[in-house]
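First the structure, in the form of structure tokens, and then the observations on it.
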Amino acid sequence: MEVKHKSHKSSKTHGDGKPKSTCIVKIKHKSDAHFGLAIEKENSQDWVKGGALSAAADLENCLHDECRKWFLAAFESYLDEVKSKTVSMESDNHVAEMMCQIKKVGDWLDVIVNKDDSELEACVRIKNKIYGVLLKHVERTAMVLEHMNAMIEDQQQ
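Just so we're aligned, residue 1 is where the sequence shown starts under the UniProt record's numbering, counting upward by one.
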């Protein structure tokens, strides 16, 4: 069964009050989004070169927001998976690399939270999960980093 939901529609009007462009996002399935750009015009005289720029900008913003929401949801699922795994399943080097990558995402979240408060709740929830994962693996990560630093010092001598 295919269900179509209209999740975002924005229409721009100009001085005469007529809509000139519309950005439509239709989602058929949870993982399948279709984005469309429609130009509404009453006659060919209304068409002006560059008239679709506002619709293109709306589409860009819609895509950017959807990508960010998708990434945050996927990363939150990943953190839940990491948190539930047993510690013995991963090698120490893999855990250390994973912690570095998770830390980078945490730093990125600090940047985007300052820019856009619409995702604040999701960002705070993910940051708390990041802290939980980092604390769970802090001892192993510290031991690996210490070992790596000792190996580098031995190679330099």
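Using N, Cα and C, we set each Cβ at its ideal position, and we do this for glycine too.
Using 9 Å as the threshold, is the C-beta distance between residue i and residue j below it?
{"i": "Met-151", "j": "Asp-92", "result": "no"}
{"i": "Val-124", "j": "Val-113", "result": "yes"}
{"i": "His-137", "j": "Met-99", "result": "yes"}
{"i": "Glu-139", "j": "Arg-68", "result": "no"}
{"i": "Ala-96", "j": "Leu-135", "result": "no"}
Who are the near neighbours of residue i in its chain, counting only those whose CB is closer than 7 Å to its CB and skipping five residues on each side?
{"i": "Ala-122", "result": "Leu-72"}
{"i": "Leu-109", "result": "Cys-123, Ile-126 and Lys-127"}
{"i": "Thr-141", "result": "Val-95, Ala-96 and Met-99"}
How about residue i: is its Cβ closer than 8 Å to a heavy atom in the ligand COA?
{"i": "Asp-65", "result": "Ligands displayed in this structure: none; no statement on the ligand COA is therefore possible."}
Whose C-beta lies closer than 6 Å to the C-beta of residue i among residues of the same chain, with five residues either side of it excluded?
{"i": "Ile-130", "result": "Ile-102 and Gly-106"}
Can you list, in chain order, the residues of its chain with a C-beta nearer than 8 Å to that of residue i? Leave out the 5 residues immediately preceding and following it.
{"i": "Asn-149", "result": "none"}
{"i": "Phe-75", "result": "Val-105 and Ile-126"}
{"i": "Lys-83", "result": "Lys-129, Gly-132, Val-133 and Lys-136"}
{"i": "Asp-80", "result": "Lys-129"}
Does the beta carbon of residue i come closer than 9 Å to any beta carbon on chain C?
{"i": "Lys-69", "result": "Included in the structure is just one protein chain, with no chain C present."}
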